[in-house]
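Asker: Numbering that gives the first Met the number 0 numbers the first residue of the sequence shown as 0 and each following residue consecutively. Just dropping this structure here.
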Amino acid sequence: MPLYEHVLIARQDLSNAQAEGLIEHFSTVLADNGGKVVVSEYWGVKTMAYKINKNRKGHYAFLRTDAPSAAVQEMERLARLHDDVMRVMSIRVEAHEDGPSVQMQKRDDRGDRPERGERRERR
0 MPLYEHVLIA RQDLSNAQAE GLIEHFSTVL ADNGGKVVVS EYWGVKTMAY KINKNRKGHY
60 AFLRTDAPSA AVQEMERLAR LHDDVMRVMS IRVEAHEDGP SVQMQKRDDR GDRPERGERR
120 ERR
């Protein structure tokens with residue numbers, strides 16, 4: 000079966016339990032249509048770059064699935080009809096990456112950026 004990654008953005012006025020309930024709801028929709036959820040992550044409430052339906056923030060959820068295209072289309076259709084879901088994005092991938100998504104990884108390493116107050120030489 001094809002592999003997909005989905006990102007859902009739900010309204011900011013939902014509780015964390017309600018947002019995680021949405022993840023479970025769409026996971027069961029996929030399972031009922033012959034697919035399975037490999038990994039699901041709740042990213043929490045994040046500020047968006049622009050307003051969507053008069054909301055500045057939203058609950059973000061991430062799903063990695065192994066499902067037929069009919070199951071994905073049904074899940075997207077139901078998500079677009081759901082009042083609490085503001086946006087859905089599904090991407091077909093060749094293979095799922097191991098480990099947590101980029102959003103869930105800790106960013107301790109700041110690369111080769113200089114410390115505050117430290118100056119680079121000008122050329």
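Each residue gets a CB set at the ideal place from its N, CA and C atoms; glycine is no exception.
(1) When you compare each of A16, I8, G98 to A48 by their alpha carbons, which one comes out closest?
(2) With a threshold of 6 Å on Cβ separation, who are the neighbours of V62 within its own chain once the five nearest residues in sequence on each side are excluded?
(3) Judging by CA-CA distance, which residue of F25, G98, L21 is the nearest neighbour of E73?
(4) In the DSSP assignment, what residue or residues form a beta bridge with K45?
(5) Taking the alpha-carbon of N54 as reference, which of Q104, L13, E75 has the nearest alpha-carbon?
(6) If contacts are defined as beta-carbon pairs under 8 Å, then V71 and S89 qualify, I think. What distance do you get, rounded to the angstrom?
(7) What residues in its chain sit with their C-beta under 7 Å from that of R10, if we drop five residues either side in the sequence?
(8) Going by CA-CA distance only, name the one from H95, V92, Y3, Q17 that's closest to G43.
(9) Between V87 and the rest of its own chain, which residues show a CB-CB distance below 6 Å, the 5 nearest in sequence each way excluded?
(10) How many angstroms separate the CA atom of D97 from the CA atom of G20?
Answerer: Reading it off the structure:
(1) Ranked by how close their Cα comes to the Cα of A48, the residues A16, I8, G98 have I8 in first place.
(2) The question names Val, but residue 62 is Leu in the sequence shown. Counting only Cβ-Cβ distances below 6 Å, and skipping sequence neighbours, we find H5, V36, S39.
(3) If we check each option's Cα against that of E73, F25 comes out closest.
(4) Beta-bridge pairing links K45 to G57.
(5) Nearest option by C-alpha distance: L13.
(6) About 6 Å; that satisfies the 8 Å criterion.
(7) N54, G57, D83, M85.
(8) Nearest in C-alpha terms to G43, of all of H95, V92, Y3, Q17, is Q17.
(9) Excluding positions up to five away in sequence, the list reads L7, E75, A78.
(10) Here the alpha carbon of D97 sits roughly 25 Å from the alpha carbon of G20.
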